[in-house]
Amino acid sequence: MHVNETCKAVCDEKVFEPRDAKFVNRRIQQNFYLNWLVDGLPAGQPYKDPNTDTEFYMPGFALGTTESEQPHLNNHYDIIIDYHEVRRNQYRVVGIVVEPYSFGESKRTGSGDDHTADCGNPDVPMVLDENGQSHVTWTYSVYWRPSPTSFATRWDKYLHVYDPKIHWFSLINSAVIVMFLIGMVSTILIRTLRKDIKRYNRLDHLGLDDLGGGDSVEDGVVEDSGWKLVHGDVFRAPKHSLALSVLVGNGAQLFMMTGFTIAFAVVGFLSPSNRGSLATVMILLYTFFGFIGGYVSSRVYKSFNGSKWKQLFVFTPSAVPAIVFAIFFLLNLFVWARQSSGAVPFTTMLVIIGIWFVITLPLSVAGSWLGFKQPQKEAPVRTNQIPRQIPPASGYLRPFPSIFLVGLLPFGAIFVELYFIMNSLWSHRIYYMFGFLFLSFGLLIVTSAAVTILMIYFVLCAENYHWQWRAFASSGASAVYVFAYSLLYWARMLKFSSFTGGLLYMGYSLLISFLWFVMTGTIGFFATWLFVHRIYSSLKVD
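The sequence shown runs 1 to 542 under full-length UniProt numbering.
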C-alpha cells in the first residue's frame, strides 16, 4: 500500500503458438476488453462526456489496438490507484485507472522473488506472429495518487448518466401518450358508458328487452349497444382456462418481483458496488412471491368455474419455471462445450432447483389452497346456457391486427430505456439509472392497462365476448417488439465471432421476451378484468 512500482514483470515469459496468436489477434480486432477488480472497484479508463463535459471512469480497458489492420497486444499496464487518507497512515482506495500499452522486446531481468523487468521499446509494438512462436512478457507499473474523494462517494466516478436529455424526452413523450390514452379511456367510461348504462336501465325499466326494436332505434341505442348485447356471455369461461390461470398467476409473481426489485434499487439498496446483488434479490423475491402466484392463479381459475384443481396446483409453480430452466440449461450446454468460464456450474443449478423445491413449490401450493378455500365472487350478471353467436370481425378488430396494434404503444413507453439497458450489458457501461427505470415501469403499466381496456371495449362493442385471452395476448404483444428490437440491436451494434455467441444472445433475448409477455399480459388482463366487472355491474339486467 502506498508504494510505487516501476516496470515489474507479472510472471515469466509466455510463449504463444500460432493458433493462440491467431485467437488473440481476432479478439483484438473485435475490440475485446479486459476487466479487473481492485478492492471491489472496476479498473477503467477516464473519459469525458462530450455532451455534458463530465469526467468519469468507464470500466474495462482494451486487450489491444489495431493500426493499419495489424493487431498490437497490450502487454504493459500503468496502474494508477487513487487513495484517500482517512487518518494518519490509514488509507482507502477510491479509484483505479489502467493505461495499457504495447511494448515490444520486453523481458524479465530478475529471478525468483525479484520481478524487475526491462519494459522494452515503446516505439516497437508487441505483435503476435500467426506463423511462428511469439514470446510475450507482461509488465506493469503502479502509481499511487492522493484524491479528495471519500470512500463513501468513490463509486460516483463510475456512475454516469448517458444522454440525460434523451431520457427526459423519452419520459415526457411517453407521459403524453399515457395522458392521451387515459383521456380516451376516461371519455369512454364517463361519457359513452354512463350514457349507455342510463339508456339500458331506462329501457329495462320500461320493459323493452329488444334492443333492435324501433323504440331503441329512436332512443339512439343501436349505434353503441353492442357491449350490452353480450352481457349473458361476457363472463363465460374461456377456452383453456387452466393455461390462462397458470400464466396469469406467474405473471403476477413476475410483476411483484420486478416492482420490488426496481423499488429497492431506487432507494439505494441495490448498489453496483455490491456485485451480484441485483440477480440475488431477483431470485429471492421470485422465490418468496410464489405464494402470490399460487393465490392469483387459484382465484382466477375459480372464477372460471374450473375443476382441474390438482393440475393447477402442479402447473402454477412448475410450468413457467420449467420453460425458463430448460432454455437456460440448453444454452449453458453450449457454454460448457466451449469451456468458457462464464458457464454456470452444475452445482449452482442444483442449488436453484433445491430452492424452488423447498421454498417456491410449498409457497405456491399454499397460495393456491388459500385461494381455493375462499368464497367465489359472483359475476355481476348471469351467464346464458347457450353461447351467443359472434359476428365476424373486420379491420383492426381481427385478432392479429388488434393484438399487434395494442402491443406497440407499451413498447413505445420503454424502448429508449431498453436501449440504455442493452448498452450497459454489451458496451461496458454500468447501469444505475433506476429512477428513470422506475418511471418507465410506471408508464408501461398505465399504457398497457389503458390501451388494452380501449381495445377490449371495441371488441365487446363488436359483440365478441371472448375477451380474456384477447386481453392477455394484446397487452403481452409488446414482447414481440422487445424481441424484434433485440434482433435489430444485434444487427446494428453487435458482432459475434462464433455461433455460440449468437445463439446465446438469441436464446436469452427469447427468454426475456417470454417472461416479458407473461408479465405484461397479466397487467392487461387484470386491468380489463376490473373494467369489464365495473361496466356490467352498473347494468340492471333481469
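The C-beta atom is built at its ideal place from N, Cα and C for all residues, glycine as well.
For A393, the closest of L229, V459, L408 and L425 by C-alpha to C-alpha distance is V459. Rounded to the nearest whole angstrom, the C-alpha separation of L511 and V351 is 21 Å.
The C-alpha of G104 is placed about 51 Å away from the C-alpha of A263. Of all C-beta pairs linking the segment 447–465 to the segment 525–534, three or more are shorter than 8 Å, placing the two stretches in contact. Around the beta-carbon of E5, fewer than 16 other beta-carbon atoms lie within 10 Å, marking it exposed. Taking the Cα positions, S111 is about 21 Å away from S134. By alpha-carbon distance to W155, the top candidate from L397, M58, L331 and L488 is M58. In the three-state scheme derived from DSSP, where H, G and I count as helix and E and B as strand, T54 is classed as coil. Here H167 carries a helix assignment [DSSP, helix/strand/coil]. Here the alpha carbons of V482 and F415 stand approximately 8 Å from one another. Following the DSSP letters along the chain, one finds C7 inside the beta strand (DSSP E) bounded by residues E5 to A9. If you look at G104, you'll find it isn't in any beta strand (DSSP E); DSSP assigns it neither H nor E. By the Cβ-count criterion, H2 is exposed, with fewer than 16 other Cβ atoms from all chains shown falling within 10 Å of its own Cβ.
Three or more pairs of CB atoms, one per stretch, sit closer than 8 Å, so the segment 381–401 contacts the segment 229–242. For T520, there is no enclosing beta strand (DSSP E); the residue is part of the alpha helix (DSSP H) that begins and ends at F499 to S537. Scanning its chain for C-beta atoms nearer than 6 Å, with the 5 sequence neighbours on each side dropped, one finds around S486 the residues S509, in chain order. Counting C-beta atoms within 10 angstroms of its own C-beta, S298 has 16 or more neighbours from the protein chains shown and is therefore classed as buried. Between the alpha carbons of L397 and I403 lies a gap of roughly 9 Å.
For W144, the enclosing beta strand (DSSP E) covers residues T139 to P146. Inter-residue distance for Y286 and M257 is about 5 Å (C-alpha atoms, whole angstroms). For K22, the enclosing alpha helix (DSSP H) covers residues P18 to Q29. Around the beta carbon of F61, 16 or more other beta carbons lie within 10 angstroms, which makes this residue buried. When DSSP states are grouped into helix, strand and coil, Q389 belongs to the coil group. Judged by pairs of C-beta atoms under 8 Å, the segment 237–249 does not touch the segment 417–435, as fewer than three such pairs exist. When rounded, the separation of the alpha-carbon atoms in Q374 and N423 is 47 Å.
A straight-line Cα-Cα distance of about 21 Å links M282 and L504. Secondary structure note for K373: its alpha helix (DSSP H) is the uninterrupted segment L361 to K373.
Within the same chain, Cβ atoms closer than 7 Å to the Cβ of A449 are found at I523, G524 and A527, the five residues on either side in sequence being excluded. Counting along the chain, P317 sits inside the alpha helix (DSSP H) bounded by residues W309 to A337.
Exposure of A326 is indicated by the presence of fewer than 16 other C-beta atoms within 10 angstroms of its C-beta. Taking C-beta atoms under 8 Å as the contact rule, F472 and I323 fail to qualify, at a distance of about 17 Å. The Cβ atoms of H240 and W469 sit closer than 9 Å to each other. Taking the Cα positions, F16 is about 20 Å away from P100.
A Cβ-Cβ separation of about 26 Å leaves A43 out of contact with V124 under the 8 Å criterion.
At the C-beta level, R26 and S497 come within 9 Å of one another.
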